[in-house]
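Read the structure below first, then the notes.
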Amino acid sequence: MNRGIRTSLLATILVAAGTSLQARTSECLNVPDSVTLLAYAQDNGESGLHLAWSRDSARWFSVADGYEYLKSDFGSWGRGKKMFAPRLMQEQGSGKWHCIWRATASGQVMAHASSDDLLTWGAQSYFEPGGEKTYLPVHTCRTGQLEATVEGKACQGWAQRVPYSLIENLVRYADHKRLRQSLHDEQTAQDGTRFAGLKPLTATLTVDTTQTKAISNHLIGIFFEDINYAADGGLYAELVQNRDFEYSPRDGSREKWDSGYAWTVREGEHTAAPAIGTEQPLHPNNPHYAILQVNTPGTSLENSGYDGIALKQGARYDFSCRARTAPGNRGGKATVSLRTPEGRLLASARISITADEWKQLRATLTPSEDATRAVLCITPNEPGSYHFDLVSLFPRDTFKGRKNGLRADLAQVLADLHPRFVRFPGGCVAHGDGIDNIYDWKGSIGPLEARKPLRNLWGYHQTRGLGYHEYFLFCEDIGAEPLPVVAAGVPCQNSGTCSHHADSELGCNGQQGGIPQEEMPAYIQDVLDLIEYANGDARKTVWGRKRAEAGHPKPFGLKYIGIGNEDLITTVFEERFTQIYRAVRERYPEITVIGTVGPFYEGTDYIEGWKLATRLGVPMVDEHYYVQPGWFIHNQDFYDRYDRSKPQVYLGEYAAHLPGRPSNLEVALAEALYLTAVERNADVVRIASYAPLLAKEGHTQWRPDLIYFDNTSIRLTPSYYTQQLFGRHAGDLYLPSSLSTDSKRADANKRIGASVVRRQDTGELFVKLVNLLPVSVSTTVESLPLQGTPAEVAATVLTGKPDDTDAKPQPTTASMDNGRLQCELPPYSFTVVSIKP
Ligand code: AHR
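The opening residue of the sequence shown carries number 1402 in the working numbering; numbering runs sequentially from there.
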């Protein structure tokens, strides 16, 4: 049928449908002022649910200029999530709205969601065609399919009659969202105009010592995820890349990731990738090893590290490898050396490879000069065939001198934040890209050769040499509580890799139906075993004994466990979360379980996640939001409304994002401003962690991050200092205060934040003052609870231009005058005053 004929036919149907809709919908709708509502999406699936309305079914108006009232959440990140041919219908009687759509182009995956008002939608469900029967009500108001032209664009959708007041409500909602968005988009770049003519302000902060409240003194912690090469090539001090020859083409997409990655065999002028063997491997979890055939003297196996190996003159480096001679070979001595890329010798040592079974060989190397891009070489002296695996080089000087330890300088800057807890192993890494990529903690412990390498969903490889045991040790070393997060039986909702169960698109994207129910008991047991590994008796429990075998008989004293990471709240999630949660509560009632409420501060997952957690009585939930600085400015009351009888909050991932994602002073000050409000609410927000933490230059998948580094240097961002100033000046008692200024401008006053806390064991008072204005604020703090003259008043300020990326805290002046604290807040600054009694 040609398009012209089809359109006119549809137009006829439309008129007929319009009449019949009007007639039939009187059962659903009994108001005179009704119009036809059309629901549609872009043909290519790239939009969410659009709505249009018409009185006469001839001229159509877009509702709120194309606002998307519902978005599909099935599929991999961003554009992977699609909505085709949404069918919107209203249930007779209840008036509930239901929407069914195709979530993939092929139609193999269908989706359903429902709503009372078309504004807030319930959990989405995904199923194969036919499955919609479960979700659809028996009686719906009459709908008709039609084609229309909306704002000059042809579209096809489903229509029904509705009162015009519904359209008004929809428009009002979209307008409200857009207004909020325009506030959130506010940036300091507009301050020249926004605050033109604003003079320096005078402010008084009056402290109320009669209404103090206990708050968490564990508020500031760190979020560790192996993203941006944070672990291998980052915090984990191993210098050899792909030490176990287990890189695989599945690990990364842009380069040739395989067993030979970062390795070269050099024979004279000739270089080649190493041959790889799999016969009688070192361990079944480590099936690949290198075979080095030496025919010519000087033939060597070389590793280029992570962007080269950085060395310090005179420092000691521990080399070790597993090696054997190939059957029928005699072997002999070999030289292990560190060289510049041009071949200049920096350090060397001897090992002896004479056995035809795997042996661990060790040597110490001490470079004669500093180097940034050194190469590790193993050069057998005798001709023959050799096998190598688990080739490793660690600086002796790891953090706290631990074997298999952490890079000392990086670990130190983390410790310097004074974090009260460490969340690990992620983030998305915890729940993984598909069911088969869920982070199995058991695969990350035990002897290194027995650890299971894992594809990292950020596009590289995890050796998991830095595994659960090492995370626990690090927490112990820095006096922070460990906070492991395990998957809630579902992988990341943005998964795009097929599970081994997959027989259709349903098992290849999104939550993939979760871990099959028949496998859930084993999965739940793994979670219980994790708690036993951390806390179990070393003599009486299986997993406590394994911890002791790993060198730590004493329990790690685990208090928290996170279940789920910003998951899509679906029935699949709810079932599995509930099963895991109940099992943990029953077996370990003393552990604080942390649930999850989606990736945003609002929306379906936030609402449904909160409902589920409240219903189950989950002690704490994990909230995530990456938002513009303007969001932080205009939502400082976010937690003031929280019901204190409901679960407590772990603000597990947050950061201020500006366009271009810089790590500058503006975002750091927006975070500081918001943290003064979080501290005010630290009776309900118990713990909080900025995310992500670490990023290796040249290997960064996500910006901004708190700390940037390469092999030899570390760059701390202004946001790092915001975290540090809060971490170092934590209190356990909150002293309410009210701020008044000589400005009547609400937008100016909103940009000044204050928080006063006391550390009850030492009696110290900490006053935090944030000024996100282009003018200074001369501040007096009154009614501080002082007993006599303080022994010490010390102030620190973080200030500069909003786009500064290298602002650092500096000492500043603050004086006491008759019991009043006086300090001048420079434009764009964060000041902390610490008062010792
Ligand atoms: O922090 C980076 C990522 O952001 C985390 O892995 C994930 O939880 C969130 O989407």
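Just so you know, even glycine gets a beta-carbon here, dropped at the ideal spot from N, CA and C.
Distance between residue j and residue i (C-alpha atoms, nearest Å)
i: ALA2196; j: PRO2238; result: 15 Å
i: LEU2140; j: GLN2188; result: 23 Å
i: LYS1600; j: VAL2176; result: 7 Å
i: ASN1445; j: PHE1485; result: 7 Å
i: LYS2047; j: GLU2054; result: 20 Å
i: PHE1800; j: PHE1720; result: 17 Å
i: LEU1547; j: HIS1499; result: 18 Å
i: SER1448; j: GLY1827; result: 30 Å
i: SER2268; j: LYS1554; result: Any answer about residue 2268 is impossible in this case: the structure gives the chain only from 1402 up to 2238.
i: ALA2014; j: LEU1747; result: 58 Å
i: ALA1417; j: TYR1536; result: Note on ALA1417: pLDDT 36, under 50, position unreliable in the model; the coordinate value appears next. If I take the Cα positions, the gap works out to 29 Å.
i: LEU2240; j: GLY1634; result: Only positions 1402 to 2238 of the chain appear in this structure, which leaves residue 2240 out of reach.
i: TYR1470; j: LEU1519; result: 7 Å
i: ALA1949; j: TYR2121; result: 35 Å
i: ILE2236; j: ARG2221; result: 12 Å
i: GLU1850; j: ALA1935; result: 22 Å
i: HIS1953; j: ASN1696; result: 46 Å
i: ASP1627; j: ARG1946; result: 28 Å
i: GLN2125; j: LYS1614; result: 23 Å
i: GLN1913; j: SER1900; result: 7 Å
i: GLU1919; j: LEU1969; result: 22 Å
i: ALA1512; j: PRO1487; result: 9 Å
i: GLN1980; j: THR1942; result: 23 Å
i: ARG1852; j: PRO1917; result: 25 Å
i: ALA1549; j: VAL2019; result: 48 Å
i: CYS1722; j: GLU1670; result: 26 Å
i: ASP2218; j: VAL2168; result: 16 Å
i: VAL2234; j: ALA2215; result: 7 Å
i: GLN1525; j: VAL2157; result: 43 Å
i: ALA2258; j: ILE1879; result: The chain is shown from 1402 up to 2238; residue 2258 falls before or after that span and cannot be answered.
i: SER1654; j: HIS1862; result: 11 Å
i: GLU2067; j: ASP2204; result: 6 Å
i: ARG1595; j: ARG2062; result: 23 Å
Beta-bridge partners of residue i, as assigned by DSSP
i: TYR2109; result: ALA2096 and ARG2116
i: PHE1624; result: ARG1824
i: ILE1846; result: DSSP, once it has assigned bridges, lists no residue as partnering ILE1846.
i: PHE1795; result: ASP1719
i: LEU1746; result: ARG1740
i: VAL2022; result: GLY1996 and VAL2050
i: SER1566; result: Bridge partners of SER1566: none, in fact.
i: ARG2081; result: DSSP lists no partner for ARG2081.
i: GLY1678; result: TYR1690
i: ASN1857; result: TYR1861
i: TRP1559; result: ALA1440 and GLN1546
i: ASP1790; result: ARG1723
i: PHE1528; result: MET1511
i: LEU1762; result: CYS1722
i: HIS2035; result: Paired residues: none, contrary to the question.
i: GLU2193; result: LYS2237
i: GLU1882; result: PHE1822
Cβ distance (whole Å) where residue i is taken to contact residue j below 8 Å
i: ARG2045; j: VAL2085; result: 6 Å
i: GLY1860; j: GLN2102; result: 7 Å
i: ASP1517; j: LYS1497; result: 6 Å
i: THR1736; j: SER1749; result: 6 Å
i: VAL1687; j: ASP1645; result: According to the sequence as given, residue 1687 is Asn; it is not Val. Indeed, because the Cβ distance is near 5 Å, the residues count as touching under 8 Å.
i: PHE2127; j: ILE1621; result: 5 Å
i: PHE2033; j: LEU1811; result: Actually they are not in contact, since the Cβ atoms of PHE2033 and LEU1811 sit about 28 Å apart, beyond 8 Å.
8 Å Cβ cutoff, residue i in contact with chain B
i: TYR2002; result: Included in the structure is just one protein chain, with no chain B present.
Beta strand (DSSP E) runs contained entirely in the stretch 2118 to 2183, provided each spans 3 or more residues: 2134 to 2136, 2138 to 2142, 2153 to 2159, 2166 to 2172 and 2178 to 2183
Contained beta strand (DSSP E) runs [length at least 3] in the stretch 1686 to 1712, N- to C-terminal order: You should have 1690 to 1695, 1701 to 1704 and 1710 to 1712.
Could I get the ranges of all uninterrupted beta strand (DSSP E) runs contained in the stretch 2202 to 2231, with 3 residues as the minimum, in chain order? 2211 to 2213, 2216 to 2218 and 2221 to 2226
For the stretch 2054 to 2073 against the stretch 1598 to 1610, are there 3 or more C-beta pairs whose distance is under 8 Å? Verdict: no, contact absent.
On the three-pair Cβ rule with 8 Å, is the stretch 1469 to 1489 touching the stretch 1891 to 1908? By the Cβ rule, the stretch 1469 to 1489 counts as touching the stretch 1891 to 1908, because three or more pairs are nearer than 8 Å.
Does the count of Cβ pairs from the stretch 1736 to 1748 and the stretch 1801 to 1815 closer than 8 Å reach three? no
Which whole runs of the beta strand (DSSP E) in the stretch 1435 to 1512 are 3 residues long or more, in chain order? 1435 to 1441, 1451 to 1455, 1485 to 1491 and 1498 to 1503
To test your reading of the DSSP string, which unbroken alpha helix (DSSP H) runs of 4 or more residues are found completely within the stretch 1597 to 1667? Within the stretch 1597 to 1667, no complete alpha helix (DSSP H) run reaches 4 residues.
Report yes or no: do the stretch 1756 to 1773 and the stretch 1818 to 1834 share at least 3 C-beta pairs separated by less than 8 Å? In the pairwise beta carbon analysis, the stretch 1756 to 1773 is classified as not touching the stretch 1818 to 1834: fewer than three pairs are separated by under 8 Å.
Which residue spans inside the stretch 1931 to 1959 form an unbroken alpha helix (DSSP H) run of at least 4? 1943 to 1950
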